[in-house]
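Numbers 55 to 668, taken from this note's numbering, label the letters of the sequence shown in order. Ideal Cβ placement from N, Cα and C applies to all residues, glycine included. Treat the numbers as computed from the prediction; the structure is a model and nothing was measured.
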Amino acid sequence: MTDTNDAITFADLPLSEAVLKAVQDVGYESPSPIQAQSIPHLLEGKDLLGLAQTGTGKTAAFALPLLSGIDLKQRDPQILVLTPTRELAIQVAEAFQRYARHMKGFHVLPVYGGQDMRGQLRSLQRGAHVIVGTPGRVMDHLRRESLKLSGLKTVVLDEADEMLRMGFVDDIEWIMEQTPAERQVALFSATMPYQIRKIADTHLKNPATVEIKAKTATVDTITQKVCMVSGFHKLDALTRILEVEPFDAMIIFVRTKTATVELAEKLEARGFAAAALNGDMSQALREKVVDRLKKGSLDILIATDVAARGLDVERMSHVVNYDIPYDTEAYVHRIGRTGRAGRTGTAILFATHRERRMLRAIESATRQRIDTMRLPSMSDVRDIRIRQFKEEVGKVLEMGEELDMFRELVAEMEQENALSYEDMAAALCFMAQKERPFPDGKEPEQPRQGRDRDRGDRGDRGDRRERGGRERGGERGERRERSNEGMVRYRVELGRDQGINPGDLVGAIANEGKISGQSIGHIKLFDSCSSVYLPEGMDKNIIQTLQGAKIRNRPMELKLWTGEEPPASERRDGGRRDGGRGRREGGAPRREGAPRREGSRGGDRRPRRDNSTS
Ligand code: AMP
Numbered sequence: 055m056t057d058t059n060d061a062i063t064f065a066d067l068p069l070s071e072a073v074l075k076a077v078q079d080v081g082y083e084s085p086s087p088i089q090a091q092s093i094p095h096l097l098e099g100k101d102l103l104g105l106a107q108t109g110t111g112k113t114a115a116f117a118l119p120l121l122s123g124i125d126l127k128q129r130d131p132q133i134l135v136l137t138p139t140r141e142l143a144i145q146v147a148e149a150f151q152r153y154a155r156h157m158k159g160f161h162v163l164p165v166y167g168g169q170d171m172r173g174q175l176r177s178l179q180r181g182a183h184v185i186v187g188t189p190g191r192v193m194d195h196l197r198r199e200s201l202k203l204s205g206l207k208t209v210v211l212d213e214a215d216e217m218l219r220m221g222f223v224d225d226i227e228w229i230m231e232q233t234p235a236e237r238q239v240a241l242f243s244a245t246m247p248y249q250i251r252k253i254a255d256t257h258l259k260n261p262a263t264v265e266i267k268a269k270t271a272t273v274d275t276i277t278q279k280v281c282m283v284s285g286f287h288k289l290d291a292l293t294r295i296l297e298v299e300p301f302d303a304m305i306i307f308v309r310t311k312t313a314t315v316e317l318a319e320k321l322e323a324r325g326f327a328a329a330a331l332n333g334d335m336s337q338a339l340r341e342k343v344v345d346r347l348k349k350g351s352l353d354i355l356i357a358t359d360v361a362a363r364g365l366d367v368e369r370m371s372h373v374v375n376y377d378i379p380y381d382t383e384a385y386v387h388r389i390g391r392t393g394r395a396g397r398t399g400t401a402i403l404f405a406t407h408r409e410r411r412m413l414r415a416i417e418s419a420t421r422q423r424i425d426t427m428r429l430p431s432m433s434d435v436r437d438i439r440i441r442q443f444k445e446e447v448g449k450v451l452e453m454g455e456e457l458d459m460f461r462e463l464v465a466e467m468e469q470e471n472a473l474s475y476e477d478m479a480a481a482l483c484f485m486a487q488k489e490r491p492f493p494d495g496k497e498p499e500q501p502r503q504g505r506d507r508d509r510g511d512r513g514d515r516g517d518r519r520e521r522g523g524r525e526r527g528g529e530r531g532e533r534r535e536r537s538n539e540g541m542v543r544y545r546v547e548l549g550r551d552q553g554i555n556p557g558d559l560v561g562a563i564a565n566e567g568k569i570s571g572q573s574i575g576h577i578k579l580f581d582s583c584s585s586v587y588l589p590e591g592m593d594k595n596i597i598q599t600l601q602g603a604k605i606r607n608r609p610m611e612l613k614l615w616t617g618e619e620p621p622a623s624e625r626r627d628g629g630r631r632d633g634g635r636g637r638r639e640g641g642a643p644r645r646e647g648a649p650r651r652e653g654s655r656g657g658d659r660r661p662r663r664d665n666s667t668s
């Protein structure tokens, strides 16, 4: 490793202390290019035209500086963010909440079609510093005068080209006319079609323009593949790849320092020789880790971009982009960690459907088509484990291990118990493979390889309905049988008698716990309590926050569900309908038997003890 962090850091940016602290909490190591360029302009109060797509970190690029300028005493909306879909509205609101965690009394309110209007009206009355909404519903509230923009300081038009595509241009124009003349405007768009340029010309004053330029590079020695997988399925996909793909050393890129540690722990727990490499580690420690990788006592590094800068390890055969990079330059830099010293390398990219634009940009930057890789199936995993098992048995015999004592033992057992050699060998195989079971080869629940739905389905039906003036929206009231696999059931001490509906629970959990609406599973309402499925292994701090969170001013008192359900007559199915697309079809990946092994090529893979893939 040659260098340290020579990039701009968050501390170099004049963000408020509370915001800087939150950034540190979430583990961002350094600003992404769009953030480094946009934040100073937005802090200065300038209008901004940002050419950036999803995945570049653009939400924080506007949320961090705008939060830094918020006056918490003013309860009227100071920032209005318009987004094309309710999914994005929720995500942006969640991001604001996350970055404002140290701003006491801060309130952000997502408003979108398909959401209960009365609840929204009440929330608006209570006041919010930031409103994030879809154009149709924001218009509704402006007409009803339930939303007042007189105190507005900044308008953000997020994914403007998507809003255009969805037919919101006139709505945006109308909303812009309702905003005070002296407001700041930030417009983000992945592309700049004529109509968006026109909006920018009309409503932005001397805007600063920031653009993430694509840098091209040839990467002839590297085979690139993409695996369409997202969220909870990533870990399962990664472990399958680690089992099946022959590799020497591998570097896995993630976005945050926290993620390096978490993923390293998960892989270690699954028997892989993995370690984290991040900017929080001292230079000496980082060098030690890299040295272990070079010497082969470690096979997998989980790193952030900053920590991996300049890393040069000849045996690095694979790069996995577990989290897609912010721009093509970072991508080229990442994959350049392999294919070194005249060797060939493989780069595997995990991408979601919504990141397909970045994928296309990467293809054009690297002037290579990136083929979609087939995710190893459970039967591939089974085959490889069986093959390795056979090899291990063969190796013991080949190596001339001292087996005479065991031969005598087997003969003795055959005599004493009249056991056949075949039966004994089978029983011994069974005992030996317990450590690393052979899956039955069936797909318990296929990790979705195709179209990612968690935020990708931008044809957001809720919002379209909203435009048709219907309030009932979305999948409301539908009962969906969703898999709760990979989730844990919790109890909330509020139910129908307290006037709670599933939307309240989703809203409170998503907002207070800062977890995505999509991660919230099935909800059931009873008279005096409710139950909700939440992802397994949730951070303790999130659970603690949720324990103290309130709905309609009453504490949720979230705790693990134990005991029986109330009688059926009392049960009313919440049939969650929040548009939690990500989980509707699959739920979290099912746990499967997984290997324990050192991750080196071929026969060196040694099972240690049993575990799960996720
Ligand atoms: P966006 O482009 O706003 O959708 O952000 C994409 C993802 O990048 C989100 O999951 C953010 O939490 C994450 N992210 C944003 N900024 C940073 C940063 N500076 N370092 C690490 N992750 C980030």
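DSSP-derived helix/strand/coil call for residue i
i	result
T398	coil
F116	helix
M282	strand
I416	helix
G104	strand
F307	strand
R391	coil
F64	helix
V373	strand
V273	coil
E265	strand
L403	strand
Y385	helix
E409	helix
T314	helix
E322	helix
V360	helix
Element boundaries [alpha helix (DSSP H), containing residue i]
i	result
H287	H287 to V298
L331	Unbroken run through L331 is the beta strand (DSSP E), A328 to L331; no alpha helix (DSSP H).
L175	M171 to R180
P87	P87 to E98
L74	E71 to V80
V343	Q337 to K349
Boundaries (first-last residue) of the beta strand (DSSP E) holding residue i
i	result
M541	M541 to V546
L355	I354 to A357
Spatial distance of residue i from residue j (CA atoms)
i	j	result
R512	G571	Summary for R512: the model assigns pLDDT 33, below 50, so the residue's position carries little reliability; its value from the coordinates is reported in the next sentence. R512 and G571: Cα-Cα distance of roughly 16 Å.
K348	V374	18 Å
H576	I554	15 Å
A384	R397	21 Å
A313	A479	44 Å
K207	A362	40 Å
L67	R237	22 Å
H687	D290	Because the chain spans 55 through 668 in this model, residue 687 falls outside it and cannot be assessed.
V542	I574	10 Å
L600	M485	44 Å
R408	A329	30 Å
G549	D377	38 Å
V450	F443	11 Å
E297	F307	18 Å
A357	N332	6 Å
R294	R441	15 Å
K594	Q91	35 Å
P261	V239	9 Å
Cutoff 8 Å: residue i Cβ touching any chain C Cβ
i	result
F404	Given the protein chain composition of this structure (a single chain), no chain C is represented.
Complete alpha helix (DSSP H) runs within the region 419-498 (minimum length 4 residues, chain order): 432-452, 458-471 and 475-487
Ignoring anything shorter than 4 residues or poking outside the region 182-262, list the alpha helix (DSSP H) runs there in chain order. 189-198, 214-219, 223-231 and 248-257
Three or more C-beta pairs closer than 8 Å, one from the region 219-233 and one from the region 72-86: is that the case here? no
Could you check whether the region 203-222 touches the region 153-169, counting it as contact only if at least three pairs of C-beta atoms, one from each stretch, sit closer than 8 Å? no
Decide yes or no for the touch test of the region 425-432 against the region 393-400: beta carbon pairs closer than 8 Å, at least 3 of them. no
Along the chain, which unbroken stretches of the alpha helix (DSSP H) at least 4 residues long are found entirely within the region 551-613? 556-567 and 594-602
Taking only runs that begin and end inside the region 118-165, name each unbroken beta strand (DSSP E) of 3 or more residues, in chain order. 133-136 and 162-165
How about the region 192-210 and the region 168-182: do they share at least three Cβ pairs that are nearer than 8 Å? yes
Contact between the region 83-92 and the region 284-292: three or more CB pairs below 8 Å? no
Determine contact between the region 106-116 and the region 176-186, defined as no fewer than three beta-carbon pairs at a distance below 8 Å. no
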